[in-house]
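If you number the sequence shown the way UniProt numbering does, the last residue is 542 and the count never jumps. Note that CB positions come from ideal geometry on N, CA and C, so glycine has one too. None of the values given here were measured: they were computed from a predicted structure.
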Amino acid sequence: MSSDEPIDDTAASDETFHPLGEAWQDDLEDVLDDTEYDAELGMEMGRDAMRVTEGELSEEEFHERYHDDVMEEFGEDGRPIDSPDDVDEGSGSLLSSLAGDESRREVLKKGAAGAGIASLGWGAVDQQEPEEPAVEDPGEVHPDEDATQWGMTIDLEHCDGCLSCVTACNAEHQWDEGANWMYVLAFEDGQVESPEPDDYESVHDFNYLVRPCQHCTDAPCEKVCPTTARHTRDEGGLVLTDYEVCIGCRYCQVACPYGVNYFQWEEPDVEREELSEEGVYDYRDRPVSRRAPRGVMSKCVFDPARQDGNHGEELVGTTACEQACPPSVIQFGDKNNPNSDPQRYQNNPARARTLIRVSTGLPSPDELPSMLEGVDSNLGAVTDAVDGLTEESIALAVAVQLTQEEYEQEAPAGDTLPDQEQTILDVVSTLQDHGLDLTSEETLSQLDLTVDQFEGPSEDVEVSTNADVAQERFEDYIDAPEEEFELLADIGTNPNVTYLGKQPGPNAHQVEGPTSYEEVGMLDRRQEALDDRTVGLGLRDT
1 MSSDEPIDDT AASDETFHPL GEAWQDDLED VLDDTEYDAE LGMEMGRDAM
51 RVTEGELSEE EFHERYHDDV MEEFGEDGRP IDSPDDVDEG SGSLLSSLAG
101 DESRREVLKK GAAGAGIASL GWGAVDQQEP EEPAVEDPGE VHPDEDATQW
151 GMTIDLEHCD GCLSCVTACN AEHQWDEGAN WMYVLAFEDG QVESPEPDDY
201 ESVHDFNYLV RPCQHCTDAP CEKVCPTTAR HTRDEGGLVL TDYEVCIGCR
251 YCQVACPYGV NYFQWEEPDV EREELSEEGV YDYRDRPVSR RAPRGVMSKC
301 VFDPARQDGN HGEELVGTTA CEQACPPSVI QFGDKNNPNS DPQRYQNNPA
351 RARTLIRVST GLPSPDELPS MLEGVDSNLG AVTDAVDGLT EESIALAVAV
401 QLTQEEYEQE APAGDTLPDQ EQTILDVVST LQDHGLDLTS EETLSQLDLT
451 VDQFEGPSED VEVSTNADVA QERFEDYIDA PEEEFELLAD IGTNPNVTYL
501 GKQPGPNAHQ VEGPTSYEEV GMLDRRQEAL DDRTVGLGLR DT
């Protein structure tokens, strides 16, 4: 690869530019060397794509710097200037210019190196290929805050390491073993430690990182794709790969700072005939979901088939991993809507977790009136007569009422926190209808929800309203995470996954968790699947 545009000394091609470190970067270069495509071009474009997100290089400079080289290497330059949703499929691209009736995959030559997860680095994951393969200021991004932006808030401190999210993702998308679109990694970093997997008091004693694709608003992987295969979809801001347009150059693998891309280097474990059409294609009729065909890149997709209503309106606004999570630490939804699950949880994790825990323990609001028949209207009589009602649960339910917020936007489809809150409020309303005055200072005092009687854990806690006291009640009831972070926030990718809990330090490394991947029929190292496999370099039949 040669470029007429001089490269800054500070961005010399031989320096370590990748956030996951020198070893990872060296592996990536080896991976590209095994393809038919220009490895040096891919590495330099990956480096500069990250410089764009960091604000060190403009989009225009980046596009111009590599345009001639990309045209020479690929015959087209489809890197995003306008939205890939507006691509004219008859525009004479590389794909449309292929001779004869052969499909794209019949004329592509692919290398045989695979990719997978090896170990936890400073807060992301490293990558490994088979040992013997057979063959400073981030740039500004101004997203449309009125549009839906699918994303997640993940509570790491209440994760139990059960791997249910991993198995659910695999069941829905059928990726090959070890090519995990979702990961749960137990770690320690010298500052925080995790216990031995056979010697611990609680699964919450471990430190976890849950790692899906971050679906960045300013995704560097998209910036290097010559064919528009990797693109950000207008609807919901999902970062996706069009399997019929991807040519397997793996440049996106280099440009991704998080190590979440996988190359499907052999025939998938699940045959194409086993995949439902409505699960593969999104509303634009682009194949962007389920496992990838051979020779194509894949990653976590945030379930576009669900978001498009292909599986029914009841699954819009949900993901398989979120629904499978027993402790409800994965909150998926519209990050641009303050009334959505991920935003509610992020803004007030103690209250959100109270909603989750209390709503499941209360009696049904529909059945409660019959339970209260003939019961006196005082706290003692009610708690004695109704299973699931204690002074604490009633106090927490009233605290939810005291801290209720009015939102301008409706809650998005698929969200559960609004329903859980409504369940609690319905119980409070039923108790009030029974004659229990839950608004009087006398009852609030009995429930320890008044300012006059408040005794905080220290003199630093000040309360001026009963709502302040209610919030402190949540904080006492729930051990809420104190830290909030985004992975690699400083490089300007604007990830749409927010973490609550301990951020892995620079010396973080993966350790065994309470549940092993083997126990749930999964692999946490793609290497283990690849070591025993070989694949020829012949062309794929269609």
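Where DSSP assigns a beta bridge to residue i, which residues make up the other side?
i: arginine 230; result: Thr241
i: asparagine 207; result: Phe187
i: residue 555; result: Nothing can be reported for residue 555: it is not among the residues displayed for the chain, which extend from 1 to 542.
i: tyrosine 281; result: Pro287
i: serine 298; result: Tyr262
i: phenylalanine 332; result: Met152
i: glutamine 510; result: Phe187
i: threonine 498; result: Thr153
Identify which residue in the options has its Cα closest to the Cα of residue i.
i: phenylalanine 17; options: Cys256, Thr318 and Leu396; result: Cys256
i: methionine 371; options: Glu72, Asp234, Leu431 and Val52; result: Leu431
i: glutamate 392; options: Ala229, Val358 and Ala413; result: Val358
i: proline 19; options: Gly492, Glu72 and Asn378; result: Gly492
i: alanine 186; options: Pro504, Ala381 and Val280; result: Pro504
i: proline 338; options: Glu59, Ala411 and Arg211; result: Ala411
i: arginine 65; options: Asp48, Pro80, Lys502 and Glu56; result: Asp48
i: valine 203; options: Cys300, His215, Asp189 and Val184; result: Val184
i: glutamate 196; options: Asp524, Pro514, Arg525 and Glu519; result: Pro514
i: valine 210; options: Glu519, Val520 and Lys502; result: Lys502
i: aspartate 213; options: Tyr262, Gly361 and Glu267; result: Inspection of the sequence shows that residue 213 is occupied by cysteine rather than by aspartate. Here the closest residue by C-alpha is Tyr262.
i: tyrosine 258; options: Ala508, Pro495, Glu518 and Thr319; result: Pro495
i: glutamine 499; options: Gln346, Asp26, Arg79 and Glu36; result: Contrary to the premise, residue 499 reads as tyrosine rather than glutamine in this sequence. Of Gln346, Asp26, Arg79 and Glu36, the residue nearest in Cα terms is Gln346.
i: aspartate 198; options: Arg525, Val511, Asp524 and Val520; result: Val511
i: threonine 403; options: Thr360, Pro304, Gln471 and Asp146; result: Gln471
i: valine 288; options: Ala320, Asp476, Tyr243 and Glu15; result: Tyr243
i: glutamate 406; options: Ala413, Glu421 and Gln453; result: Glu421
i: alanine 147; options: Asp479, Leu238 and Arg272; result: Leu238
i: serine 445; options: Ile394, Pro365 and Glu177; result: Ile394
Using DSSP with H/G/I as helix, E/B as strand and the rest coil, what is residue i?
i: valine 386; result: coil
i: tyrosine 262; result: strand
i: phenylalanine 454; result: coil
i: tyrosine 345; result: helix
i: arginine 525; result: coil
i: glycine 380; result: helix
i: tryptophan 175; result: coil
i: threonine 35; result: coil
i: phenylalanine 485; result: strand
i: valine 125; result: In this prediction, valine 125 scores a pLDDT of 30, lower than 50, which makes its location untrustworthy; no coordinate-derived value is stated.
i: glutamate 196; result: strand
i: isoleucine 117; result: At isoleucine 117, the pLDDT of 27 sits below 50, so the modelled position is not reliable; the number obtained from the coordinates is stated separately. Isoleucine 117 falls in the strand class under three-state DSSP.
i: cysteine 249; result: coil
i: methionine 50; result: helix
i: residue 573; result: Past the boundaries of the shown model lies residue 573; the chain is included only from 1 to 542, so the question cannot be answered.
i: valine 358; result: helix
i: phenylalanine 74; result: helix
i: proline 418; result: helix
i: proline 369; result: helix
i: glutamate 15; result: coil
i: leucine 275; result: coil
i: glutamine 432; result: helix
i: alanine 292; result: coil
i: aspartate 303; result: coil
i: glycine 21; result: coil
i: threonine 439; result: coil
i: valine 469; result: helix
Throw me the rounded Cβ distance for the residue i and residue j pair, which I believe falls under 8 Å.
i: serine 340; j: aspartate 415; result: 6 Å
i: leucine 163; j: methionine 522; result: 7 Å
i: leucine 449; j: valine 469; result: 5 Å
i: asparagine 180; j: serine 194; result: 20 Å between Cβ atoms; not a contact.
i: arginine 344; j: alanine 399; result: No, arginine 344 and alanine 399 are not in contact; Cβ-Cβ is about 16 Å, not under 8 Å.
i: glutamine 264; j: valine 296; result: 5 Å
i: lysine 299; j: threonine 241; result: 7 Å
i: residue 548; j: leucine 41; result: Here the chain covers residues 1 to 542 and nothing more, so residue 548 does not appear.
i: arginine 291; j: valine 270; result: 6 Å
i: valine 245; j: alanine 229; result: 4 Å
i: leucine 362; j: glycine 388; result: 6 Å
i: alanine 350; j: leucine 417; result: With a Cβ gap of about 13 Å, alanine 350 and leucine 417 do not count as contacting.
i: alanine 397; j: isoleucine 424; result: 5 Å
i: threonine 153; j: proline 342; result: 4 Å
i: tryptophan 175; j: glutamine 307; result: So it is not a contact: roughly 19 Å between Cβ atoms.
When you compare the region 219-236 with the region 248-267, are there three or more beta-carbon pairs, one atom per stretch, that lie closer than 8 Å?
The region 219-236 is in contact with the region 248-267.
Under 8 Å: do the region 147-166 and the region 323-339 share three or more Cβ pairs, one atom per stretch?
yes
Below 8 Å, can you find three or more Cβ-Cβ pairs linking the region 307-327 to the region 435-442?
Touching, no.
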